[in-house]
Amino acid sequence: MSSRARKAVGRNVLRKEGHDKVTGAARYIDDLTFPGLLHARTIRSTIPAGEIVKVRFKGDRAGFTLVDHHDIPGRNIVALIDEDQPCLAERKIRHVAEPILLLVHEDREKLRAADVQIEYRPSTPNYDPERSAITFKKIAIDKGDLDAGFAAADVIVEGEYRTGLQEQLYIETNGVIAVPGSSVAGAAGGITVYGSMQCPYYVHRALVILLGLPAGKVRVIQTETGGGFGGKEEYPSMMAGHAALAALKTGRPVKLVYDRVEDMLATTKRHPSIVRHRTGVTRDGRLTAIDIDAVLDGGAYATLSAVVLSRGMIHAAGPYRCDHIRIRGRATMTNTPPNGAFRGFGAPQTQFAAEVHMDRIAERLGLDPVRVREINALRPGDTTATGQRLGKDSSALQVLREAVTRTGFRKRRRALAGTNRGIGLSLFFHGSGFTGAGEVKLAAKASLALTHKGARIHVASTEIGQGTRTMLAQIVADALGVRYDDVDVNAADTGEVPDSGPTVASRTCMIVGRILERCAEEMRARLGRLTPRQYLRAFGPLVITKQYERPAGMVWDDTVYKGDAYGSYGWGCDVVEVEVDRDTYEVRPTAFTTVHEIGKAIHPMLAVGQIEGGSAQGLGYAILEDVVMRDGRMANATLTNYIIPTSLDTPPMQVVLLENPYPHGPSGAKGVGEMPIDGPAPAVINALRHAGFDLREIPATPERVMLTSSVESTQRTPRTPRKSQAWV
Amino acid sequence: MLRDEGPLVPMAGCTDLYVALNFGTLTETRFLDLWRLDALRTIAIREGALSIGALATHTDLIRSPLVRRRLPMLAAAASEIGGVQIQNRGTLGGNVANASPAGDTLPVLAAADATVVLRGAGATRRVPFSSFYTGYRRTVRRPDELIVSFEIAPIRGRQRFRKVGTRAAQAISKVVMAVIAGETPRIAVGSVAPTVVRARRTEAALAAGASVAEAQRLLLDEIAPIDDIRSTAEYRRRVTANLLARLLAPRSA
Numbered sequence: 001m002s003s004r005a006r007k008a009v010g011r012n013v014l015r016k017e018g019h020d021k022v023t024g025a026a027r028y029i030d031d032l033t034f035p036g037l038l039h040a041r042t043i044r045s046t047i048p049a050g051e052i053v054k055v056r057f058k059g060d061r062a063g064f065t066l067v068d069h070h071d072i073p074g075r076n077i078v079a080l081i082d083e084d085q086p087c088l089a090e091r092k093i094r095h096v097a098e099p100i101l102l103l104v105h106e107d108r109e110k111l112r113a114a115d116v117q118i119e120y121r122p123s124t125p126n127y128d129p130e131r132s133a134i135t136f137k138k139i140a141i142d143k144g145d146l147d148a149g150f151a152a153a154d155v156i157v158e159g160e161y162r163t164g165l166q167e168q169l170y171i172e173t174n175g176v177i178a179v180p181g182s183s184v185a186g187a188a189g190g191i192t193v194y195g196s197m198q199c200p201y202y203v204h205r206a207l208v209i210l211l212g213l214p215a216g217k218v219r220v221i222q223t224e225t226g227g228g229f230g231g232k233e234e235y236p237s238m239m240a241g242h243a244a245l246a247a248l249k250t251g252r253p254v255k256l257v258y259d260r261v262e263d264m265l266a267t268t269k270r271h272p273s274i275v276r277h278r279t280g281v282t283r284d285g286r287l288t289a290i291d292i293d294a295v296l297d298g299g300a301y302a303t304l305s306a307v308v309l310s311r312g313m314i315h316a317a318g319p320y321r322c323d324h325i326r327i328r329g330r331a332t333m334t335n336t337p338p339n340g341a342f343r344g345f346g347a348p349q350t351q352f353a354a355e356v357h358m359d360r361i362a363e364r365l366g367l368d369p370v371r372v373r374e375i376n377a378l379r380p381g382d383t384t385a386t387g388q389r390l391g392k393d394s395s396a397l398q399v400l401r402e403a404v405t406r407t408g409f410r411k412r413r414r415a416l417a418g419t420n421r422g423i424g425l426s427l428f429f430h431g432s433g434f435t436g437a438g439e440v441k442l443a444a445k446a447s448l449a450l451t452h453k454g455a456r457i458h459v460a461s462t463e464i465g466q467g468t469r470t471m472l473a474q475i476v477a478d479a480l481g482v483r484y485d486d487v488d489v490n491a492a493d494t495g496e497v498p499d500s501g502p503t504v505a506s507r508t509c510m511i512v513g514r515i516l517e518r519c520a521e522e523m524r525a526r527l528g529r530l531t532p533r534q535y536l537r538a539f540g541p542l543v544i545t546k547q548y549e550r551p552a553g554m555v556w557d558d559t560v561y562k563g564d565a566y567g568s569y570g571w572g573c574d575v576v577e578v579e580v581d582r583d584t585y586e587v588r589p590t591a592f593t594t595v596h597e598i599g600k601a602i603h604p605m606l607a608v609g610q611i612e613g614g615s616a617q618g619l620g621y622a623i624l625e626d627v628v629m630r631d632g633r634m635a636n637a638t639l640t641n642y643i644i645p646t647s648l649d650t651p652p653m654q655v656v657l658l659e660n661p662y663p664h665g666p667s668g669a670k671g672v673g674e675m676p677i678d679g680p681a682p683a684v685i686n687a688l689r690h691a692g693f694d695l696r697e698i699p700a701t702p703e704r705v706m707l708t709s710s711v712e713s714t715q716r717t718p719r720t721p722r723k724s725q726a727w728v
Numbered sequence: 001m002l003r004d005e006g007p008l009v010p011m012a013g014c015t016d017l018y019v020a021l022n023f024g025t026l027t028e029t030r031f032l033d034l035w036r037l038d039a040l041r042t043i044a045i046r047e048g049a050l051s052i053g054a055l056a057t058h059t060d061l062i063r064s065p066l067v068r069r070r071l072p073m074l075a076a077a078a079s080e081i082g083g084v085q086i087q088n089r090g091t092l093g094g095n096v097a098n099a100s101p102a103g104d105t106l107p108v109l110a111a112a113d114a115t116v117v118l119r120g121a122g123a124t125r126r127v128p129f130s131s132f133y134t135g136y137r138r139t140v141r142r143p144d145e146l147i148v149s150f151e152i153a154p155i156r157g158r159q160r161f162r163k164v165g166t167r168a169a170q171a172i173s174k175v176v177m178a179v180i181a182g183e184t185p186r187i188a189v190g191s192v193a194p195t196v197v198r199a200r201r202t203e204a205a206l207a208a209g210a211s212v213a214e215a216q217r218l219l220l221d222e223i224a225p226i227d228d229i230r231s232t233a234e235y236r237r238r239v240t241a242n243l244l245a246r247l248l249a250p251r252s253a
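Residue numbers (the numbering used here), protein chains in the order written: chain L, 1 to 728; chain G, 1 to 253.
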């Protein structure tokens, strides 16, 4: 084959689905219909804790089908990690908006008007994750000798930091359609589920277990998806189960699409956190001991809390070198809707604490925030908290220095001192791919099929707005030596594609992209001098399937949390300037610069888009986004009252990409999707500290800033002092 | 029809109505669409007063040279309502009739001493804006009446407006204030009581030479804010006091 094709990687090629999205031709789940389609509505608990006593349907039942847990042919669980969450509640209620039964009718209006009353025996709910009787998961990370580390310290700095819930707020709400009797084999008794989702094979597995069907009779097809941010990682498994049960009971296709209020009330959010730091440091700024204790609020069921906690704890010490580290984390149960995956997956919470704490350490030592980070930033050859020895692509110092230079940080800091404005920075990292042995266990597969012009990609990795199809096609095009336009991407349909794993954890480019690159390399070798057309004529169809291979030397011990937690890390540094309105306490970010080292930008425009979007979402997390919970229920579950940034709330952004290739990523690429949300919150809070406002909690709403300013001139105490300990 | 066939809900831009419909809180089922009554969209000077038709949209207000010259604080308020789509559909009459205490044009009309012109099958009556609201989301408009226009006499003094929303745009007010600073100050505040507050005692004290600090204290006695999902009573009180000082200041931001 010729290699005349112009390189696609590194170029801003047209998005594969861009034309359809821009012209409105793209069809999302609620655009689809099927003959005989019925609609479903979920009847949910209105209490946070207790038992169901009686369910009563009031009025005319004509045309309605009711589906409850008795209709489940397999096991009544949403299969994920633990098996604690029922697909439909049987008796016990653990949170508001827990699904109890489904109403099915052909008329959406009648469905909406139907009146189902549920009688409960309520019990006392618990909303405090620190007082929970149920711990979903505990994690302990130990490095060196903590006592020795503190003994070597001149100063000990302590602090407690809190983060709140955050809603993913994808633009398209969750939705699925289940169609009976159209499984892969076309056999009766099967089910096909279409939907807006990140992880078709998660949904597939959950359906097999819920319905008690053989895998071949269950087919899951992702439809064009309007955003996910983690919010469509696990929840679609439950919804698909609901729609499938209804479809199997009625023998007709059933559509289940949430409106915005239901989506916000019922689906997962980012885990709130309480993180306490106790840090030993020498007078000249060297970290000698890091002691961290963290609690994540898991909500009512385990869902993904164990792995959110894991990623959170591995990132908890921040991108810093220290010989003596102790990290203790737990995720506990409360009577609120389960919290789950959200871009960053625990790391934004713990790195918020680490980075705000780092500025307080600098303040305590009289060092500037850049200097204390320069001294301690992880360098190639250093080891992380889990003992992972970092490779040459470790770029903490590089991103820090680039950001400081680009913004004239020190000069700006002096210039703004004493005004109602401040400048702050944050240094952060983010592991790409599943944690520890996760990728080995997952054993993701990807396939490449030869076509007359080039190749067709077969993966379950989903396009959810981030550019999966485009970026994977670029990687394949270059490795195969064909034009980008001659590589197409199969639908993420479990009937047609292998399980390349979930579209999460910043793994799609680095892990799945690399598997496809290997497929393409082998295909190119097989083709030799033949064109695809010639090969197909001579030898018939050619499909290459490859599985994930662990890079040589990568070791992880899950029992002691030691080793190579991730194949590689991306590195980032954010600098933000804020202005505080002295009359209204409103915090306005006025300038934002971020430096991201991501190995290789396969598609620079998409990479910058991910970074800008993630940063805006991070600024929202820092300043605006406040889930108001009352009696276990989200009280502001509307777009009017759950406040995310508009373009007027978002400052001009300067995004700087750096590339230190990771040897085992496609063209050297690492993950980029999640990291941008790690940095903005601590950078904003550090800028507020510079402006004279000592916050330890996000979001920095005007109401919270106002209370901080009232103690600003007196003693600096946290907003919610704890009883037994004085956190300085 | 309004009189004989039972209550009809007047609708124009529907920017509030559809919200209620979407939430399932809209109980009414009969509506009267006013949208095409262009005669109610006129902005003009009549007998020295600025007359604004009830169906003037927020965009109309922002673009009107008359409004910008005579009542710039109304143009300022209109430009902070919703986004462009809402501004193109939402009307001044609708904002007033909806009677939300957070309505952004309400403090402007209150401070401007506007007159609400109501027309029924029988007659037209003029109600001072300060007597238009009788309680939370309640007005003196009778079921067989429509708001047809607002009349605003010329204003002497510097007009100031500040909305404190939950974000920079597309936000509902947590505190919204209109002030006419001058020899006889006029002050109105929204989102701090069941209806928009016209702070007459504070105005009187200022006219009599009270200090800003004294005025702030008095103003806090005239409002009754609450904690809700958007903010806290304490925040609303402190910001109301701070804004008064800012808007009374000779050069205000």
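Just so it is clear, CB atoms sit at the ideal spot from N, CA and C, and this is done for glycine as well.
Given the structure is predicted, the values throughout are model-derived calculations rather than measurements.
Nearest residue (CA-CA) to residue i, options the options
i, options, result
"T288 (chain L)", "L:I156, L:A616, L:G528", "L:I156"
"V176 (chain G)", "G:L32, G:I86, G:G103, G:R63", "G:G103"
"Q610 (chain L)", "L:R330, L:G465, L:Y621", "L:G465"
"T462 (chain L)", "L:D284, L:A403, L:N660, L:P200", "L:P200"
"V9 (chain L)", "L:P604, L:E355, L:D71", "L:P604"
"Y194 (chain L)", "L:Y28, L:V595, L:R205", "L:Y28"
Cβ neighbours of residue i in the same chain (closer than 6 Å, five flanking residues each side left out)
i, result
"T184 (chain G)", "A207"
"S64 (chain G)", "I43"
Sequence-distant residues of its chain with Cβ nearer than 8 Å to residue i (five each side left out)
i, result
"L416 (chain L)", "G422, I423, E577, H690, A691"
One or two residues paired with residue i in a DSSP bridge
i, result
"Y133 (chain G)", "G:T139"
"R557 (chain L)", "A small fix is needed here, since residue 557 (chain L) is Asp in this sequence, not Arg. DSSP lists L:K562 as partners of D557 (chain L)."
"K92 (chain L)", "L:E51"
"M11 (chain G)", "G:D33"
"G175 (chain L)", "L:V257"
Simplified DSSP state of residue i, which is helix, strand or coil
i, result
"A181 (chain G)", "strand"
"H69 (chain L)", "helix"
"F150 (chain G)", "strand"
"R722 (chain L)", "Residue confidence for R722 (chain L) is low, a pLDDT of 34 falling below 50, so the modelled location carries little weight; the figure read from the coordinates is stated next. Note: R722 (chain L) maps to coil in three-state DSSP."
"V192 (chain G)", "coil"
"F161 (chain G)", "strand"
"K805 (chain L)", "Outside the displayed span of chain L (1 to 728) sits residue 805 (chain L), for which this structure offers no information."
"Y258 (chain L)", "coil"
"V104 (chain L)", "strand"
"G144 (chain L)", "coil"
"G181 (chain L)", "coil"
"A538 (chain L)", "helix"
"H204 (chain L)", "helix"
Close beta carbons around residue i, own chain, < 7 Å, minus the five adjacent residues each side
i, result
"R230 (chain G)", "T166, I172, K174"
"D631 (chain L)", "P48"
"V575 (chain L)", "A403, T407, F409, I423, L425, T593, A683"
"A247 (chain L)", "A178, V179, P180, I191, P253, V254"
Residue-chain proximity (residue i, chain A), Cβ-Cβ < 9 Å
i, result
"L243 (chain G)", "Protein chains L and G are contained in the structure displayed, whereas chain A is not."
(request) Return the chain-ordered ranges of every alpha helix (DSSP H) run that is complete within the region 370-438 of chain L and spans a minimum of 4 residues. (result) As far as the region 370-438 of chain L is concerned, its whole alpha helix (DSSP H) runs of at least 4 residues are 396-407, 409-416.
(request) Go through the region 276-345 of chain L residue by residue and report every complete run of the alpha helix (DSSP H) that reaches 4 residues or more, in order. (result) Runs of the alpha helix (DSSP H) spanning 4 or more residues and lying entirely within the region 276-345 of chain L occur at 305-314, in chain order.
(message) Could you tell me which whole alpha helix (DSSP H) segments of length 4 or greater appear in the region 646-693 of chain L?
(response) With a minimum length of 4 residues, the continuous alpha helix (DSSP H) runs that stay inside the region 646-693 of chain L are 680-690.
(message) Could you tell me which whole alpha helix (DSSP H) segments of length 4 or greater appear in the region 214-273 of chain L?
(response) If we require 4 residues or more, the alpha helix (DSSP H) runs fully inside the region 214-273 of chain L come out as 235-250, 260-266.
(request) Ignoring anything shorter than 3 residues or poking outside the region 81-117 of chain G, list the beta strand (DSSP E) runs there in chain order. (result) Whole beta strand (DSSP E) segments, 3+ residues: zero.
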